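Step one of this worksheet: look at the structure below.
Number of protein chains: 2
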Amino acid sequence: MKVEFWFEFASTYSYLSAMRLPAIAKRRGIEIAWCPFLLGPIFASQGLSSSPFNIYPIKGQYMWRDVERRANGHGLGFRQPEPFPQNGLLAARVATAAPPGAAQVRFCQAVFEAEFALGCDISDRQTIETCARDAGLAPDVMDRATSDDVKQRLRQTTEYAQKRGIFGAPSFTVGDELFWGDDRLEEALDWAAAHG
Amino acid sequence: MKVEFWFEFASTYSYLSAMRLPAIAKRRGIEIAWCPFLLGPIFASQGLSSSPFNIYPIKGQYMWRDVERRANGHGLGFRQPEPFPQNGLLAARVATAAPPGAAQVRFCQAVFEAEFALGCDISDRQTIETCARDAGLAPDVMDRATSDDVKQRLRQTTEYAQKRGIFGAPSFTVGDELFWGDDRLEEALDWAAAHG
Numbered sequence: 007m008k009v010e011f012w013f014e015f016a017s018t019y020s021y022l023s024a025m026r027l028p029a030i031a032k033r034r035g036i037e038i039a040w041c042p043f044l045l046g047p048i049f050a051s052q053g054l055s056s057s058p059f060n061i062y063p064i065k066g067q068y069m070w071r072d073v074e075r076r077a078n079g080h081g082l083g084f085r086q087p088e089p090f091p092q093n094g095l096l097a098a099r100v101a102t103a104a105p106p107g108a109a110q111v112r113f114c115q116a117v118f119e120a121e122f123a124l125g126c127d128i129s130d131r132q133t134i135e136t137c138a139r140d141a142g143l144a145p146d147v148m149d150r151a152t153s154d155d156v157k158q159r160l161r162q163t164t165e166y167a168q169k170r171g172i173f174g175a176p177s178f179t180v181g182d183e184l185f186w187g188d189d190r191l192e193e194a195l196d197w198a199a200a201h202g
Numbered sequence: 007m008k009v010e011f012w013f014e015f016a017s018t019y020s021y022l023s024a025m026r027l028p029a030i031a032k033r034r035g036i037e038i039a040w041c042p043f044l045l046g047p048i049f050a051s052q053g054l055s056s057s058p059f060n061i062y063p064i065k066g067q068y069m070w071r072d073v074e075r076r077a078n079g080h081g082l083g084f085r086q087p088e089p090f091p092q093n094g095l096l097a098a099r100v101a102t103a104a105p106p107g108a109a110q111v112r113f114c115q116a117v118f119e120a121e122f123a124l125g126c127d128i129s130d131r132q133t134i135e136t137c138a139r140d141a142g143l144a145p146d147v148m149d150r151a152t153s154d155d156v157k158q159r160l161r162q163t164t165e166y167a168q169k170r171g172i173f174g175a176p177s178f179t180v181g182d183e184l185f186w187g188d189d190r191l192e193e194a195l196d197w198a199a200a201h202g
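Residue numbers (my numbering), protein chains in the order written: chain G, 7 to 202; chain A, 7 to 202.
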C-alpha cells in the first residue's frame, strides 16, 4: 500500500523525516508520494497565529533540544533557523510544480538541508532556485511555481490535508489511517506493509 | 544512570508508558523512579484551561485513534474514559504517599487500567481504595494521601517538574536531559544506558 508523506518546509520534524524516509522506504520497497502542504492556514483555523512552538515557549525550548538530539542520532546537521518558522511558501510551490520523482525528492531534501543544516533563509528566491537547479528540476519550474494553476493546486492540497484530519507535520497517511510525527514514520510504513 | 518517569493519571500516553515501562526497564537493568505529578497547574500557567486534546479537537480526534492503535500493538485494552480528562488528584496523592517500590508501581498500573482499560472514574474514592488494596499498599495510605504533608509534596513535585521544563506527560528525565512522550521511552532508556 502506498504511503503519503505530508510535509511543511518550515517544520523541524519534517526535516528529519524528509532526510530519513527515502532510504527506509527503498529498503522496504514501499512507494511514497511526497505531498507538500502549508500548515499556516491549518494552524489559523485552530486559532493559532504562529507555530505552537512559539505560542508555547516551554514546548518550543524542548523541541529545539529534541530535534538536535535526534538529528545527531541520525548523523544529520542541525541549526535553528532565524526567523522561525521560515516562510516555506515558494519552496512548497516549487515542490508542487515539480513532477513526482527523484528530482522532486532531491529538491525537497536540498531545501530542508539549506534551512536546517546550513541556516539559509528559504523565503529567498535565490536559495530556492539553487536548490531546484542542483536537484535537476527543469529550468522553467520557477516560473511554473508561481502560475495560477500551481498556486491553486497547493491551496487544494492544503484543504484536502485538513479534511483528512491533518493538523501538524510531518504526517503520513496510509489508506484511511493517519500517523502524525517523525516518530510515527516507521509505524506508518509498518502499517502499509501489513495492509499491503 | 537512573531514569525519572513523570506521569499524570489523566494522561492517555502516560497509561501506555506505565504499562510498558517496568518490563523494559527490568530487562535492561535500569532503575526507574516513578514521579506522579499534576499537569493541570502546568497547563494553566501556559494559558490552557483543559487538555490540549480538548482545546484542539482535531488533535484530540487523532490522539484517540493513535492511542487505541498503539494500545492494540502492545496488547493493552483501551477505551475512552468519560469525562476526559479524568480528575487524577486523589490517585496522584496516593501514589505520592506510597513508598517507592513494587507496590507503588502496581497501584499506578491498577489505576491506569481501571481508567483506560475498564472505563472507571478515577476520581471515585472507592475505585482508588480498591486499587490501593489490590496493589498491597498499607491500609493507612488512603488517610496519609490527604494529609497536609502529602498534599504539599505533590505540589512541590509539580513545581519542580515545571522548573525542569516538563510541559506534558509522560516525560522522562535522565540527568539534565528531558524526553517527552511515550514514543521517547526507549530513547530515554538508551540515553541512561549510554551515559551510565
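Here a beta-carbon is modelled for each residue, glycine too, at the ideal position from N, C-alpha and C.
Everything numeric in this text was worked out from a predicted model, so none of it was measured.
Which residue from the options puts its Cα closest to that of residue i?
| i | options | result |
| --- | --- | --- |
| ASN78/A | ILE38/A, ARG26/A, GLN168/A | ARG26/A |
| ASP72/A | ALA198/A, ASP188/A, ASP196/A, LEU195/A | ASP188/A |
| ALA108/A | LEU54/A, LYS169/A, TRP40/A, SER20/A | TRP40/A |
| ALA116/A | PRO106/A, SER129/A, THR133/A | THR133/A |
| LYS169/A | ILE48/A, THR102/A, PHE84/A | ILE48/A |
| ALA101/G | GLU119/G, ARG112/G, LEU22/G, ALA198/G | ARG112/G |
| PRO87/A | SER17/A, VAL9/A, THR164/A | SER17/A |
| LEU45/A | ARG34/A, ALA98/A, GLU14/A | GLU14/A |
| GLN162/G | ALA29/G, TYR21/G, GLY35/G, ALA98/G | ALA98/G |
| MET206/A | ALA31/A, TYR19/A, LEU22/A | The requested residue 206/A does not occur in the structure, where chain A is confined to residues 7 to 202. |
| SER23/A | CYS137/A, LEU160/A, TRP186/A | TRP186/A |
| ALA144/G | LEU191/G, GLN67/G, ILE61/G, GLN110/G | GLN110/G |
| ILE64/A | ASP146/G, ALA138/G, ILE172/G | ILE172/G |
| TYR68/A | LEU95/A, TYR19/A, PRO28/A | TYR19/A |
| PHE90/A | GLY66/A, ARG76/A, PRO105/A | GLY66/A |
On the DSSP letters alone, give me the boundaries of the beta strand (DSSP E) that residue i sits inside.
| i | result |
| --- | --- |
| SER20/G | It is not in any beta strand (DSSP E) - SER20/G instead sits in the alpha helix (DSSP H) that spans 18-34. |
| GLU183/A | 183-186 |
| SER177/G | 177-180 |
| GLU88/G | Run containing GLU88/G: none; DSSP gives neither H nor E here. |
| PHE84/A | PHE84/A -> no beta strand (DSSP E), and no H or E assigned at all. |
| PHE13/A | 9-13 |
Assuming residue i is part of the alpha helix (DSSP H), what are its boundary residues?
| i | result |
| --- | --- |
| CYS41/G | First-last for CYS41/G: 38-42, but that is the beta strand (DSSP E), not the alpha helix (DSSP H). |
| GLU119/G | 108-122 |
| GLU193/A | 191-200 |
| PHE49/A | 46-51 |
| GLY171/G | GLY171/G -> no alpha helix (DSSP H), and no H or E assigned at all. |
| ILE64/A | 63-79 |
| ILE128/A | Taken as a continuous stretch (DSSP letters only), ILE128/A belongs to no alpha helix (DSSP H), as it is neither H nor E. |
| THR102/G | 95-103 |
| ASP146/G | Unbroken run through ASP146/G: none, as it is neither H nor E. |
Using beta carbons (cut-off 9 Å, strictly below), is residue i in contact with chain A?
| i | result |
| --- | --- |
| GLU14/G | no |
| GLU183/G | yes |
Here's the rule I'm using: 16 or more other beta-carbon atoms within 10 Å means buried, otherwise exposed. How should residue i be labelled?
| i | result |
| --- | --- |
| LEU124/A | exposed |
| SER56/A | exposed |
| THR37/G | Residue 37/G is actually Glu in this sequence, not Thr. When all chains shown are included, GLU37/G counts as exposed. |
| TYR166/G | exposed |
| GLY81/G | exposed |
| SER153/G | exposed |
| GLN92/A | buried |
| PRO176/G | buried |
| PRO204/A | Because chain A here runs from 7 to 202, residue 204/A falls outside it and cannot be looked at. |
| ARG33/G | exposed |
With a cut-off of 9 Å, does the C-beta of residue i fall near any C-beta of chain G?
| i | result |
| --- | --- |
| ARG75/A | yes |
Any beta carbon from chain B within less than 9 Å of residue i's own beta carbon?
| i | result |
| --- | --- |
| ALA101/A | Absent from the structure is chain B; the protein chains it does hold are G and A. |
Identify each residue in the stretch 52-73 of chain G for which the Cβ-Cβ distance to at least one residue of chain A is less than 8 Å, and report them in chain order. For the stretch 52-73 of chain G, which is checked against every Cβ of chain A, the residues closer than 8 Å are GLN52, TYR62, ILE64, LYS65, GLN67, TYR68, ARG71, ASP72.
- prompt: Using Cβ-Cβ distances below 9 Å, what residues of the stretch 146-173 of chain G are close to chain A?
  reply: GLN168, GLY171, ILE172, PHE173
At a CB distance below 7 Å, what residues from the stretch 34-53 of chain A approach chain G? Give them in sequence order. GLN52
Residues in the stretch 185-199 of chain A having any Cβ partner in chain G nearer than 7 Å
TRP186, ASP189
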